[in-house]
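Colleague:
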Amino acid sequence: MLLLQFSTSHYCRKARLALGYKQIDYDVQNLTPGIHSLKLKPLTGLTTVPVLLPQLQEQPSVIADSTEIFRFLETYQPSPPLFLPDTQQQTEAWLLEDWLDESIGTATRFVYYDFRAGKGKHIDPSFFSQLVIQIVRRQYGINTAAVDLAAQRLDKGLEVLRSRWSESSYLVGESLSVADLAAAALLSPLALIPQYRQQYPWLFERIVHIHHLCGEPLPPGMREE
Ligand SMILES: N[C@@H](CCC(=O)N[C@@H](CS)C(=O)NCC(=O)O)C(=O)O
């Protein structure tokens, strides 16, 4: 299988966690932001990564979107399962996964790129990195007012996750689900922001644990030396 990705994208990390959990061998192709759509649009009709090319007979040739990649991988290789045996719990896991994708993952993006352009500029002050950050800020309309709203959304969302993860090792039910993988990936960029590391230590413990379960290297800011 081949995963088309941006190496730094938290949605691509989400797909890699699932591939790793299922212990599927795959290669990655890192696309260049800006010209990525020239390759992706004809393939999927969309411009976003991750995109998975299974490269297998009698399987779809292209799967776009991290959620669709979850669905494909579960059908292709049911064990170990990412779907919960109880249908109601699986529905709840999908609801959380969708909320994490559509609301929390985008809020993380706003807060992260705001940090990288300001207090976190030292992480990579190179011209190319700062150019990409400015392009992303313009593409998504990342400005001070929007970042404040995103930060509030994250604080409320993290309370929901804290109460679920403090009752059980998993967000839903008794085993790892699509919700845990989505949370671990989509909140991982916050690891570079000192304020979040100090305020939410339990979150980074969960992120480490889930990355270990999936055999995925830890995100920037959390890598063991
Ligand atoms: N819902 C999509 C979101 C993916 C997404 O937003 N990817 C971003 C990178 S983090 C992207 O490809 N942006 C480039 C673009 O929109 O052209 C998924 O889960 O796959």
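According to my numbering, the sequence shown holds residues 618 to 842 in order.
Yeah, the Cβ is synthetic: ideal placement off N, Cα and C, and Gly gets one too.
Can you give me the C-alpha to C-alpha distance between I686 and L830, rounded to a whole angstrom?
Modeller: Computed Cα separation, rounded: 18 Å.
Colleague: So, does the segment 711-726 touch the segment 755-772, judging by three or more C-beta pairs under 8 Å?
Modeller: Flag = yes, the segment 711-726 and the segment 755-772 touch.
Colleague: Closer than 5 Å from C-beta to any heavy atom of ligand 1: which residues, in chain order?
Modeller: Matched residues: S626, Y628, T664, T665, V666, D682, S683.
Colleague: First and last residue of the beta strand (DSSP E) that includes D644?
Modeller: Per DSSP, D644 belongs to the beta strand (DSSP E) from 644-647.
Colleague: Identify the continuous alpha helix (DSSP H) that holds L775 and give its terminal residues.
Modeller: First-last of the alpha helix (DSSP H) with L775: 761-784.
Colleague: For S794, which residues in the same chain have their Cβ closer than 6 Å to its Cβ, ignoring the five residues on either side in sequence?
Modeller: Same-chain partners within the cutoff: L701, A710.
Colleague: Using the Cα positions of S786 and L803, report the straight-line distance between them to the nearest angstrom.
Modeller: So the two alpha carbons sit approximately 18 Å from each other.
Colleague: Would you mind stating whether S683 and A632 have Cβ atoms separated by less than 8 Å?
Modeller: Yes, the Cβ-Cβ distance between S683 and A632 is below 8 Å.
Colleague: Check the C-beta distance from E734 over to I750 and give it rounded, since I have them as a contact under 8 Å.
Modeller: For the record, residue 734 in the displayed sequence is Ala; it is not Glu. With a Cβ gap of about 5 Å, A734 and I750 count as contacting.
Colleague: With a cut-off of 8 Å on the beta carbons, I'd call L809 and I759 a contact; round off their distance for me.
Modeller: Between I759 and L809 the Cβ distance is about 16 Å, and since that is not below 8 Å, they are no contact.
Colleague: Pick out the complete alpha helix (DSSP H) segments inside the segment 636-707, 4 residues or longer, and give them in chain order.
Modeller: The segment 636-707 contains these whole alpha helix (DSSP H) runs: 653-661, 683-693.
Colleague: According to the neighbour-count rule (16 or more other Cβ atoms, all chains shown, within 10 Å of its Cβ), is D731 buried or exposed?
Modeller: By the neighbour-count rule (16 or more Cβ atoms within 10 Å), D731 is buried.
Colleague: Could you please give the first and the last residue of the uninterrupted alpha helix (DSSP H) stretch that includes L803?
Modeller: It spans 795-803 - the alpha helix (DSSP H) in which L803 sits, taken as one unbroken run.
Colleague: Give a yes or no on whether the C-beta atoms belonging to D718 and A799 are separated by under 8 Å.
Modeller: Taking 8 Å as the Cβ cut-off, D718 and A799 qualify as a contacting pair.
Colleague: Is L788 helix, strand or coil by DSSP?
Modeller: In this structure, L788 counts as coil in the three-state DSSP scheme.
Colleague: If you follow the alpha helix (DSSP H) that L748 is in, where does it begin and where does it stop?
Modeller: It spans 744-757 - the alpha helix (DSSP H) in which L748 sits, taken as one unbroken run.
Colleague: Does DSSP put L619 in a helix, a strand or coil?
Modeller: Here L619 sits in strand by DSSP.
Colleague: Classify G712 as buried or exposed, calling it buried when 16 or more other Cβ atoms lie within 10 Å of its own Cβ.
Modeller: The sequence as given places Leu at residue 712; Gly does not occur at that position. So L712 counts as exposed.
Colleague: Measuring only the C-alpha atoms, how far is Q707 from F745?
Modeller: Straight-line Cα distance between these residues: approximately 42 Å.
Colleague: Three-state secondary structure (DSSP) at G838?
Modeller: It is coil, neither helix nor strand.
Colleague: Grab me the residues of L690's own chain with a C-beta within less than 6 Å of its C-beta, minus the 5 sequence neighbours each way, in chain order.
Modeller: The residues are A635, K639.
Colleague: Can you tell me whether I810 is helix, strand or coil according to DSSP?
Modeller: Looking at I810 - three-state DSSP - the assignment turns out to be coil, as it is neither helix nor strand.
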